[in-house]
Structure formats: structure tokens, C-alpha cells
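Undergrad: In the numbering used here, each residue's number is its place in the sequence shown (first place is 1) plus 1302. Just so it is clear, CB atoms sit at the ideal spot from N, CA and C, and this is done for glycine as well. Predicted model only: the values in this text are computed from it and were never measured.
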Amino acid sequence: MPAVAVITISALSLIGCSSDADPSISASTSTASVVTKPPTSAPSVPPVAVKTSITSVVAPDIPGKIVVREDASSCVNPSPASPVSLVSTSTEVGVAGYAGNAVRVTWTYSGDLPAAGTVLFSLTGANQAGTVVKQLGYKTLDGQQIAYFVFDSSSKQLNLAGFPDTSVPGEISAVMPSAAVDALGQNWHWSSSLNVNGHDVDICPN
């Protein structure tokens, strides 16, 4: 609000300039003084707190897939195949010795893997929209490892160094690198399979 000027006028009596007037008395002049008052400030209004709420959206289920909503996910096969079957598959984010969001993938199986021919354990992951696909695979021929890889939807195969952990009977544990996992984004989904001699003999979820 702008300053307000208050003008005070003080005047003495004016005496005419007639010849009768006492020459010792002269007309006084008017004086004016200006007093400036500071602007009045509006009363302060305390701030009003606004409450906000964040609602998380849960990714929907996808038939025949496992949706990754937390660090760990898994499936169990209710009807395993014979003579060899894929019993379960599990994933867990965070692997000792690996950077970033690497995922530990563990397949468990029952029965004896064939000593001759090819055997492939795989986990196929896709982003929420299904437009990006990554497959982690471990393949043997006559019981010996011939491939350990990540294959993507652009038909590119990344061969991984080392070997999956097969030290526990009936279990194979492999690692999907962080770069592949990051490409899938949040709420990605997966399925796994056991392939013998080019044919899927069991899948999970089933």
C-alpha cells in the first residue's frame, strides 16, 4: 500500500495592509508540513498444509506368466512331466559379485537328464508391453555345456562367461546380467521351459 501524505496547515491571522495598521505587525505567511505515514501491512495468513496421497498401481497378472513386482518371484509346476520335469523356477534381484540389477535364476528339476542329445533350460522375460524380450539360456550336448547366453528379440545372442552353478543335484542356477534386466523395465514378466532335443517337455508356470 503506498505511503499517505498528511498535510497540516497552520496560519496566523492575516492583517490588512491599511495605513492604520501597526507597521510593526506584518502579515504572517501560512506554513505547511508534510507527515509521511508508513503503509499498513495486511495481516499475515499462516500457510495451509495440503495433504497429498500417492496410490501405487499394481501390475495386472498375465496368464501363463510370472509378473515381477518385487525382488523375488517364483513358480511351481503343479503337474510335472515324465521322465524328466521342470519342478520350479525362481528369480531374485541382486547377485553377489555382479553389478546393478543382475538376477539370479534357479531352475529345479526331477528325473535324470538324458546323457545324449541336447538339453536347454531357459527363462524368457519381456517388458510390460511385450515389445522387449530377453531369454537367458543354458544348453548342454551329451551332458557338456555348449551355450550359456542371453538372446534378445532382435536376434542377437550375448554369450556369457563362466558356467551356471550345477553343484546342487536337481538344481541349476544362472545369472541374467543387469543390462538385460534393466532393458525389461519395471513389472516385467517371465516364463521358463525345459527343452530336450529341440522339444519343450515342460514349462513353468504350467
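Terminal residues of the continuous alpha helix (DSSP H) containing Val1483?
TA: Residues Ser1480 to Leu1486.
Undergrad: Among Val1435, Pro1416, Thr1408 and Val1470, which residue has its Cα nearest to the Cα of Gly1500?
TA: Minimum Cα distance to Gly1500 is reached at Pro1416.
Undergrad: How big is the Cα-Cα spacing for Asn1379 and Thr1391?
TA: Near 9 Å, if we compare the C-alpha coordinates of Thr1391 and Asn1379.
Undergrad: So, for Asp1444: in the same chain, excluding its five sequence neighbours on each side, which residues have a beta-carbon less than 8 Å away from its beta-carbon?
TA: The answer, listed in chain order, is Ala1417, Ala1418 and Gly1419.
Undergrad: Helix, strand or coil for Glu1473? Go by DSSP, reduced to three states.
TA: Of the three classes helix, strand and coil, the one that applies to Glu1473 here is strand, per DSSP.
Undergrad: Quick one, are the C-beta atoms of Gly1402 and Asp1373 less than 8 Å apart?
TA: Contact: no.
Undergrad: Quick one, are the C-beta atoms of Ser1495 and Ser1424 less than 8 Å apart?
TA: Yes.
Undergrad: Please report the straight-line C-alpha distance between Ser1456 and Ser1376, rounded to a whole angstrom.
TA: Straight-line Cα distance between these residues: approximately 27 Å.
Undergrad: Could you give the distance in angstroms between the alpha-carbon of Leu1438 and the alpha-carbon of Pro1507?
TA: Each residue's Cα considered, the two are about 16 Å apart.
Undergrad: Just how far apart, CA to CA, sit Gly1487 and Glu1394?
TA: Taking the straight line joining both Cα atoms gives about 15 Å.
Undergrad: Using a Cβ-Cβ cutoff of less than 6 Å, which residues in the same chain neighbour Asp1502 once the five nearest sequence positions on both sides are dropped?
TA: These residues qualify, in order along the chain: Ser1495.
Undergrad: Exposed or buried, Phe1465, counting other C-beta atoms within 10 Å across all chains shown (16 or more means buried)?
TA: Answer is exposed; the Cβ neighbour count stays below 16.
Undergrad: Going by beta carbon distance, what residues of the same chain come within less than 6 Å of Pro1479, once the five residues before and after it are set aside?
TA: Hits under 6 Å: Ala1404.
Undergrad: Can you pull the DSSP bridge partners for Ile1448?
TA: Note: Ile1448 sits in no beta bridge, so no partner.
Undergrad: From what residue to what residue does the beta strand (DSSP E) around Phe1423 run?
TA: Residues Thr1420 to Ala1428.
Undergrad: Spatial neighbours of Ser1328 within its chain, please: CB distance less than 6 Å, with the 5 preceding and 5 following residues excluded, ordered by chain position.
TA: Its pLDDT being 41, under 50, Ser1328 is placed unreliably in this model, and the value from its coordinates should be taken loosely. For Ser1328, where only same-chain residues beyond five positions count, there are no Cβ hits under 6 Å.
Undergrad: Return helix, strand or coil for Asn1379, following the three-state DSSP convention.
TA: Correct three-state label for Asn1379: coil.
Undergrad: How is Arg1371 classed by DSSP in three states: helix, strand or coil?
TA: Of the three classes helix, strand and coil, the one that applies to Arg1371 here is coil, per DSSP.
Undergrad: Spatial neighbours of Lys1367 within its chain, please: CB distance less than 6 Å, with the 5 preceding and 5 following residues excluded, ordered by chain position.
TA: His1491 and Ser1493, listed in sequence order.
Undergrad: With DSSP as the reference, please indicate the residues paired to Phe1453 in a beta bridge.
TA: According to DSSP, which records beta bridges pairwise, Phe1453 is partnered with Gln1437 and Gln1459.
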